[in-house]
Every structure is written in structure tokens, then in C-alpha cells.
Amino acid sequence: MTAAVPVLRLSGVSQQYGSGETSVTALSGIDLDVARGELVAVMGASGSGKSTLLAIAGGLQQPTAGEVIVEGDYLSSARPREVAALRRRSLGFVFQDFNLIPTLTALENVTLPLELDGFRSRVARRAGRDALASVGLEERAGAYPDDLSGGQQQRVAIARAVVGSRRLILADEPTGALDSVTGEAVMRMLRARVDAGAAGILVTHEARHAAWADRILFLRDGRIVDESRREGADSLLASTR
Numbered sequence: 016m017t018a019a020v021p022v023l024r025l026s027g028v029s030q031q032y033g034s035g036e037t038s039v040t041a042l043s044g045i046d047l048d049v050a051r052g053e054l055v056a057v058m059g060a061s062g063s064g065k066s067t068l069l070a071i072a073g074g075l076q077q078p079t080a081g082e083v084i085v086e087g088d089y090l091s092s093a094r095p096r097e098v099a100a101l102r103r104r105s106l107g108f109v110f111q112d113f114n115l116i117p118t119l120t121a122l123e124n125v126t127l128p129l130e131l132d133g134f135r136s137r138v139a140r141r142a143g144r145d146a147l148a149s150v151g152l153e154e155r156a157g158a159y160p161d162d163l164s165g166g167q168q169q170r171v172a173i174a175r176a177v178v179g180s181r182r183l184i185l186a187d188e189p190t191g192a193l194d195s196v197t198g199e200a201v202m203r204m205l206r207a208r209v210d211a212g213a214a215g216i217l218v219t220h221e222a223r224h225a226a227w228a229d230r231i232l233f234l235r236d237g238r239i240v241d242e243s244r245r246e247g248a249d250s251l252l253a254s255t256r
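According to this note's numbering, the sequence shown is numbered sequentially starting from 16.
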């Protein structure tokens, strides 16, 4: 049987800032495959390279060395316009600070990526309502971000990340600004989206949230220094507490 092509592949990815004696290595030789239906948690101290890894995986910045491949497409050889189109169609980002546009309603925030990609308004709105319904916020479609709680805003951000046929979900500390109950609800939604067929990477400091993942990677000084799958994750999580 032929092995399935991973949704995301990082091959020998390194990131260096500056040059000479003042250079800083953010990532060094990262190899990582993430498959459909798999959630990978990335843990490590501040400055270990977690957010850099996520930015490179999502095509927000180019690595100094190595390849980033999303569903068979090499981002290093893609034009900026092609990378932007890939992000709109296939990648969903969930940020700690939500990044919602305050002058747009919840529905408009969710449908914006589709409309920028040329979807008809009626089609985009239908997909947007479906995405909001999947996070339990269909009745708040007309509300503006300032009229929503922090947990509701994060759920809108998740709906925006999964709207349409997004196949790679990248989440950077998505529960950092939320209380424990709301944070667990957000993790449950991310897990459900991955179980439905997406691939996901979760950057987190929280061991209880990393426990939702199928695999846990631990970064130190830009390198993967430990890795554990779900059945063997307890010992790795205990070492990070």
C-alpha cells in the first residue's frame, strides 16, 4: 500500500536571523510530517522556535534553508501570489489575540477569506454560517467582535480558520487568553476539526491542552529534542510541568 502524502512536510527547515557574530538561529534542521486526521502539539520555552515554526509552516515567512511542502506544493518555488492563494484556500490560522476585524460582523469575519478568493457572496455566507454553527455561534452571526466575549471571539476565529475546505489548521496559543472551561471547549473544537480530516499543529505552553494531540514535540534552541505519541505522552508532559 502506498503511504499517503502528508498534508504538511518540513524537510531540513532552518531559520537564521542576522549574520556573523550577531546571528541568531531560530530553527535548525527541522523535519516534520503532519498527516490528515493528526494533531501535533509543539511545546517549549519562550524563544525555542515554536512561533517561527508555525509561521514557516503557514508560508508567512520563508526559511533560510530547507523545504516546506503543503499537499505536494513546494512553497519555496511558489510565487507570492500562489502562496497567498494557498493560505486562503487550504490553511487556517488561529491566533491567541483572535485577529478579528472590529468593523465586520462575526459572519463577515468568517467569510472574508472566501470572498477574497472569489467566492460568490451567497456561497460564502452559506459556508460561513455552517462554520459558525459548527462552533455553536450561528445565532451570533450579526454581532461585532466588541459585543462578543473572549471565548466567543476565539470561536469565531476558529470558524474562520476552518471555513470552506481548509485542510491544515495552525493554532498559536489559541487558549492563552481564555479561562480553563472556555479553553477546553476551544480544544474540543480543534480536535473535532482534525478528526473530520484536517491536519493540525498546536503551539501551546499548557500540558493539559497538549494532551489533546496525537503527537507532542518539544523544542529547545530551535531543535526537536523530544517527541512522543499519545499513548506515551504522559512522561513527556510530566517533564514540562
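For each residue, glycine too, the CB sits at the ideal point set by N, CA and C.
Every value quoted in this text rests on a predicted model; they were computed, and no experiment measured them.
N-terminal and C-terminal residue of the alpha helix (DSSP H) that residue i is part of
{"i": "D210", "result": "195-210"}
{"i": "R175", "result": "165-177"}
{"i": "A56", "result": "No alpha helix (DSSP H) holds A56; the beta strand (DSSP E) holding it covers 54-58."}
{"i": "T67", "result": "65-72"}
{"i": "A19", "result": "Here A19 belongs to no alpha helix (DSSP H), and DSSP marks it neither H nor E."}
{"i": "H224", "result": "222-225"}
Cβ neighbours of residue i in the same chain (closer than 6 angstroms, five flanking residues each side left out)
{"i": "G27", "result": "G44, G81"}
{"i": "A172", "result": "V109, F113"}
{"i": "E48", "result": "Reading the sequence as shown, one finds Asp at residue 48 and not Glu. P21, R24, listed in sequence order."}
{"i": "Q31", "result": "S38, T40, T79"}
{"i": "A70", "result": "Q76"}
Sequence-distant residues of the same chain with beta carbon closer than 8 angstroms to residue i, five excluded per side
{"i": "R140", "result": "L122, T126"}
{"i": "V20", "result": "E86, G87"}
{"i": "Q168", "result": "F113, L115, P160"}
Cut-off 7 angstroms between Cβ atoms - residues of its own chain near residue i, not counting five sequence neighbours on either side
{"i": "A146", "result": "V125, A174, V177, V178"}
{"i": "G52", "result": "V209, D210, G212"}
{"i": "G59", "result": "K65, F233, L234, R235"}
{"i": "R102", "result": "G73, G74"}
Start-to-end residues for the beta strand (DSSP E) that takes in residue i
{"i": "V85", "result": "80-85"}
{"i": "T40", "result": "39-49"}
{"i": "S29", "result": "23-32"}
According to DSSP, residues forming a beta bridge with residue i
{"i": "D238", "result": "Note on identity: in this sequence residue 238 is Arg, with Asp being the wrong assignment. Per DSSP, R235."}
{"i": "R244", "result": "R230"}
{"i": "D88", "result": "V85"}
{"i": "I184", "result": "G107, G215"}
Residue i CB to nearest heavy atom of the ligand ADP below 8 angstroms
{"i": "S136", "result": "The ligand content of the structure shown is nil, which means the ligand ADP is not present either."}
Buried versus exposed call for residue i [16 or more other C-beta atoms within 10 Å across all chains shown]
{"i": "T118", "result": "exposed"}
{"i": "L131", "result": "exposed"}
{"i": "G33", "result": "exposed"}
{"i": "S243", "result": "buried"}
In the segment 101-158, which residue ranges form an unbroken alpha helix (DSSP H) of at least 4 residues, counting only runs that do not cross its ends? DSSP runs (the alpha helix (DSSP H)) wholly in the segment 101-158: 121-131, 136-149.
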